[in-house]
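For the sequence shown, full-length UniProt numbering assigns the number 1 to the initial residue and increments by one for each residue that follows.
The structure under discussion appears below in the form of structure tokens.
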Amino acid sequence: MIEIPSDLHKDLVPLAFLLGNWAGAGVHDFPGSEKCNFGQEVAFTHDGRDFLEYRSHTWVLDNDGNKVKPLESEHGFWRIDADRKVEVTMVRDDGVVEIWYGELADKKPQIDLVTDAVARTAASGPYTGGKRLYGYVKSDLMWVGEKQTPEVELRPYMSAHLKKVVTPEEVERWAKALPDDMPDDGIAFFK
1 MIEIPSDLHK
11 DLVPLAFLLG
21 NWAGAGVHDF
31 PGSEKCNFGQ
41 EVAFTHDGRD
51 FLEYRSHTWV
61 LDNDGNKVKP
71 LESEHGFWRI
81 DADRKVEVTM
91 VRDDGVVEIW
101 YGELADKKPQ
111 IDLVTDAVAR
121 TAASGPYTGG
131 KRLYGYVKSD
141 LMWVGEKQTP
151 EVELRPYMSA
161 HLKKVVTPEE
171 VERWAKALPD
181 DMPDDGIAFF
191 K
């Protein structure tokens with residue numbers, strides 16, 4: 001369910017499907033690093049201004065799904081204009097700062113992004129750019145990232161399937177919003 005908060009900046013309504021806390025897992029595979037499964041937590045929040053704040057933390061998972069060690073962390077800000085053009089500024093824990101541009105697809109919650117600028121600190125590894133695709137599919141958030149370095153052509157390196165994290169407060173709010181005349185057994189509601 002996509003909910004549009006009353007205090008969301010009007011320009012951000014097309015991005016409302018991103019809002020909330022998300023958690024899930026994915027696969028990381030890029031030459032020069034060990035292929036692994038990873039866990040991920042993502043938060044898209046807003047404070048009434050014309051951007052969404054984005055935070056992502058990933059960690060390597062062992063074969064039993066336990067956290068082994070941190071993988072990547074990102075923090076950024078997402079904006080959209082009247083023509084559905086999306087702009088993202090992002091900083092990563094490995095010393096990379098990126099500017100991404102893209103577009104919200106017509107009539108579906110999907111965003112394609114491409115790096116426009118990349119700045120790296122001396123400590124960061126080789127990286128020259130990337131692409132990302134985010135999509136809201138059957139109430140889940142899915143994404144795939146591609147990256148390139150001077151040695152490796154643009155190729156997929158991470159993808160994840162995330163579920164919305166629901167707090168007890170949200171469940172209570174939704175329950176209070178249900179109609180008073182709901183059938184007790186719940187089955188009659190679907191007939």
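Beta carbons are placed, not taken as given, at the ideal position from N, Cα and C, and that holds for glycine.
Practice problem: Determine, using beta carbons only, whether Glu98 and Thr115 come nearer to each other than 7 Å. | Solution: As a working mapping, residue 98 is identified with position 98 in the sequence shown. As a working mapping, residue 115 is identified with position 115 in the sequence shown. Going by C-beta atoms, Glu98 is nearer than 7 Å to Thr115.
Quiz item: Of the residues Val42, Arg120, Pro70 and Arg173, which one's Cα is nearest the Cα of Trp143?
Solution: As a position in the sequence shown, residue 143 is number 143, starting the count at 1. Answer by Cα proximity: Val42.
Quiz prompt | Rounded straight-line distance, which links the Cα of Arg84 to that of Lys138 | solution = Residue 138 sits at position 138 when you count from the first residue of the sequence shown. Residue 84 sits at position 84 when you count from the first residue of the sequence shown. About 22 Å.
Exercise. For Ile187, count neighbouring Cβ atoms within 10 angstroms of its own Cβ and tell me buried if that reaches 16, exposed if not.
Key: For the purposes of this step, residue 187 is identified with residue 187 of the sequence shown, where counting begins at 1. The predicted position of Ile187 is uncertain, since its pLDDT is 48 and thus under 50; a value taken from the coordinates is nonetheless stated next. Result: exposed.
Self-check item: Status (buried if at least 16 other CB within 10 Å, exposed otherwise) for Glu146
Solution: Position 146 of the sequence shown, counting from 1, holds the residue named residue 146. Result: buried.
Exercise. Please confirm whether Asp50 and Asp93 have their CB atoms less than 7 Å apart.
Key: What you label residue 50 is simply residue 50 of the sequence shown in a count that begins at 1. What you label residue 93 is simply residue 93 of the sequence shown in a count that begins at 1. No, Cβ-Cβ distance for Asp50 and Asp93 is not below 7 Å.
Exercise. Grab me the residues of Ser73's own chain with a C-beta within less than 6 Å of its C-beta, minus the 5 sequence neighbours each way, in chain order.
Key: For the purposes of this step, residue 73 is taken as the residue at position 73 of the sequence shown. Contacts found: His57 and Asp93.
Self-check item: Inter-residue CB distance, Tyr157 and His28 (contact presumed, cutoff 8 Å)
Solution: Within the sequence shown, numbered from 1, the residue matching residue 157 stands at position 157. Within the sequence shown, numbered from 1, the residue matching residue 28 stands at position 28. With 8 Å as the limit, Tyr157 and His28 qualify as a contact, their Cβ atoms being about 7 Å apart.
Quiz prompt | DSSP state of Val13 mapped onto helix, strand, coil | solution = Working through the sequence shown from its first residue, we reach residue 13 at position 13. Correct three-state label for Val13: helix.
Quiz item: Can you round the beta-carbon distance between Gly129 and Gln148 to whole angstroms, since I take them to be within the 8 Å contact cut?
Solution: The residue you call residue 129 lines up with position 129 of the sequence shown. The residue you call residue 148 lines up with position 148 of the sequence shown. Sure, about 6 Å apart at Cβ, within 8 Å.
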